[in-house]
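Student: Going by this note's numbering, the first residue of the sequence shown is number 2, and it counts up by one from there.
All C-beta atoms in this analysis are idealised placements derived from N, C-alpha and C, irrespective of residue type, glycine included.
Being a predicted model, the structure only gives us computed values, none of them experimental.
Right, I'll just put the structure down here and ask away after.
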Amino acid sequence: MISLVDLIFPRRCPVCDRPVKPAGALICAACKKELEYVREPACLKCGKALADGAQEYCFDCAHKKHEYDRGVSLYRYGSIKSCVYRFKYGGRREYAAFLGEELAQHLGRRILAWKPDALVPVPLHAKRMKKRGYNQAELLARQLGARLGVPVLTDWLYRTKNTVPQKLLDGRERQNNLKRAFKIGRNDVKLNTIVIIDDIYTTGSTMDEIAYTCRENGVGKIYFAALSIGSGMG
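Next comes the structure, spelled out in structure tokens:
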């Protein structure tokens with residue numbers, strides 16, 4: 002049954018950004034077919050799709066030691082790029098309901114197999130949070146946590162540096178940009194296993210810096226689940 006709210010303020014489709022058809026759904030039936038999921042074969046470290054089933058690791062992970070243990074991603078970034086941009090910068094918080102449901106449906110079993118103590122969204126710096134009004138990673142984490150029954154910690158980790166957007170930098174600049182950018186904000190919460198939640202995984206610099214900080218503070222197992230992932234170099 003369609004709610005009165007949906008009739009007056011129709012939900013926007015995450016793909017086309019027009020009112021969802023049929024009304025009351027979370028995404029247009031036709032638009033859902035445009036989404037490209039990350040399929041096997043995939044990198045055993047970051048979860049990036051591989052062109053060759055004989056490979057175990059993508060080019061990035063074969064040539065770089067990551068600080069985290071393992072990660073998974075839901076969509077190929079190219080198919081969800083516009084959605085991520087509007088969700089992140091265009092105030093489309095409503096997308097979180099569909100995206101969180103998708104994360105739980107497709108990645109939930111793997112996340113639960115890691116037996117996480119908590120989901121930890123990648124934090125925004127206070128200035129950026131004030132300007133944007135919300136953290137898209139936190140919205141995803143809350144939706145996912147509610148569906149999986151896993152606690153979400155939004156004040157355990159915080160960002161100490163208002164860094165330049167990673168998309169504007171190359172690999173080495175990304176690493177330097179994030180140096181000591183995160184800090185644990187609550188020493189009263191001890192965690193053994195966490196899953197970091199973010200909207201995009203590219204080179205892994207953000208995940209690595211967070212994982213480094215977490216390991217320094219006694220976290221034993223660090224995984225990540227991202228909404229989307231780039232193609233990298235195979």
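1. Compare the C-alpha of A142 against each of H126, L113, V196 and A182 and name the closest.
2. Using beta-carbon positions only, say whether A138 and D200 come within less than 7 Å of one another.
3. Mind checking who R13 pairs with in its DSSP beta bridge?
4. Name the DSSP beta bridge partners of S229, please?
5. Note down, in chain order, each residue of its chain lying with its Cβ closer than 7 Å to the Cβ of L149, except the 5 sequence neighbours on either side.
6. Hey, out of H67, G48, C44 and K66, whose CA is closest to Q56's CA?
7. If W157 and Y224 are in contact, beta carbons under 8 Å, what's the gap, nearest whole angstrom?
8. I need the straight-line Cα distance from K46 to D189, nearest angstrom please.
9. For S232, does the count of other Cβ atoms within 10 angstroms reach 16, so buried, or fall short, so exposed?
10. Does the Cβ-Cβ distance between I198 and P122 come in under 7 Å?
11. Assuming I28 and V39 are in contact, meaning their beta carbons sit under 8 Å apart, how far apart are those beta carbons, in whole angstroms?
12. How about S83 and L36: do their beta carbons lie closer than 7 Å?
13. What residue range does the alpha helix (DSSP H) around D140 cover?
14. Round the Cβ separation of A227 and G72 to the nearest angstrom and send it over; I've been treating them as touching at under 8 Å.
Tutor: According to the data block:
1. Along the sequence shown, read from residue 1 onward, the residue named residue 142 stands at position 141. Selected option, being the one with the closest Cα: V196.
2. Taking the first residue of the sequence shown as 1, we reach residue 138 at position 137. Taking the first residue of the sequence shown as 1, we reach residue 200 at position 199. Yes. Within cutoff.
3. Counted from its first residue, the sequence shown places residue 13 at position 12. R13 is bridged by DSSP to P20.
4. As a position in the sequence shown, residue 229 is number 228, starting the count at 1. In DSSP, S229 forms a bridge with Y76 and I201.
5. As a working note, residue 149 is residue 148 in the sequence shown. Cβ-Cβ distances below 7 Å link L149 to A105, G109, I112 and L113 in the same chain, with the five nearest sequence neighbours on each side left out; the list follows chain order.
6. In the sequence shown, the residue the question calls residue 56 occupies position 55. Nearest of H67, G48, C44 and K66 to Q56, Cα basis: C44.
7. Working through the sequence shown from its first residue, we reach residue 157 at position 156. Working through the sequence shown from its first residue, we reach residue 224 at position 223. Rounded, the Cβ-Cβ distance is 16 Å, inconsistent with contact.
8. For the purposes of this step, residue 46 is taken as residue 45 along the sequence shown, with counting starting at 1. For the purposes of this step, residue 189 is taken as residue 188 along the sequence shown, with counting starting at 1. Cα to Cα, the separation comes out at about 31 Å.
9. For the purposes of this step, residue 232 is taken as the residue at position 231 of the sequence shown. Classification for S232: exposed.
10. Your numbering for residue 198 matches position 197 in the sequence shown. Your numbering for residue 122 matches position 121 in the sequence shown. Contact: yes.
11. If you number the sequence shown from 1, residue 28 lands on position 27. If you number the sequence shown from 1, residue 39 lands on position 38. No, I28 and V39 are not in contact; Cβ-Cβ is about 18 Å, not under 8 Å.
12. Here residue 83 is taken as the residue at index 82 of the sequence shown, counted from 1. Here residue 36 is taken as the residue at index 35 of the sequence shown, counted from 1. Not closer than 7 Å, so no.
13. Against the sequence shown, residue 140 aligns to sequence position 139. Before going on, a small fix: residue 140 reads as Leu here, not Asp. It spans Q137 to L149 - the alpha helix (DSSP H) in which L140 sits, taken as one unbroken run.
14. Position 226 of the sequence shown, counting from 1, holds the residue named residue 227. Position 71 of the sequence shown, counting from 1, holds the residue named residue 72. At roughly 7 Å, the Cβ-Cβ gap stays under 8 Å, so A227 and G72 are in contact.
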